[in-house]
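Numbering (this note's numbering), first residue to last: 17 to 191.
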């Protein structure tokens, strides 16, 4: 019996000595990450006359409602009556931000999204806009600052009583 006890103690000792060697298996791996930081700019429409929604984004909307030579100017506009036309005037605020870019300024252009209604002229900073060519508003725009551009819609007295809907497409290009 003594031998059996001694044998049991010896077997337990062997198991205890072997236990540390029975650890869990391990493995390792590597995730290699590649990427390139690119420079970028972001244009937002910060303000405009009319009932404006979407300011602070690149897709704002300005609703003028019903407009006429002898009516009231829409919110944020003035109305000037001429001998053969009338002009709604306001401003548009455009902001351009940059990231990871050494450029110190940008060029801002504007172009109409479609041909203007007959008898209607769209202007920014005094320059007539068209749908066929972009007009430069500034070639020295300051990043992070909202530029204010005069906005005029000139309607001839001979223009048809109809919608004048259009879009002004702004493009900022880093210099």
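Ideal Cβ placement from N, Cα and C applies to all residues, glycine included.
- Residue pairing by DSSP places residue 190 opposite 122 in a beta bridge.
- Close CB contacts of residue 132 within its chain, under the 7 Å cut and outside five residues either way in sequence, are with 138, 182 (chain order).
- With a cut-off of 8 Å on Cβ pairs, the segment 143 to 150 is not in contact with the segment 107 to 118, counting fewer than three such pairs.
- Judged by DSSP secondary structure, residue 139 falls within the beta strand (DSSP E) whose first and last residues are 136 to 140.
- Residue 103 has its alpha-carbon roughly 27 Å from the corresponding atom of residue 157.
- In the structure shown, residue 111 adopts extended strand secondary structure according to DSSP, grouped into three states.
- Setting aside the 5 residues that flank it on each side, residue 121 is surrounded in the same chain by 156, 157, 191, each with a C-beta closer than 6 Å to its C-beta; the list follows chain order.
- Annotated as distal: residue 118 and residue 105, with beta-carbon spacing of 7 Å or more.
- Using a Cβ-Cβ distance cut-off of 8 Å, the segment 57 to 71 and the segment 162 to 178 are in contact, since at least three pairs of beta carbons, one from each stretch, lie closer than that value.
- Between residue 76 and residue 68, the gap from beta carbon to beta carbon is short of 7 Å.
- If the five residues before and after residue 170 are omitted, its C-beta is found closer than 6 Å to the C-beta atoms of 101, 103, 137, all from its own chain and listed in chain order.
- Taken through DSSP and simplified to helix, strand or coil, residue 59 comes out as strand.
- Taking C-beta atoms as the reference points, residue 124 and residue 153 count as a pair closer than 7 Å.
- Of the other Cβ atoms in all chains shown, fewer than 16 fall within 10 Å of the Cβ of residue 173; this residue is therefore exposed.
- Beta-bridge analysis with DSSP links residue 169 to 104, 138.
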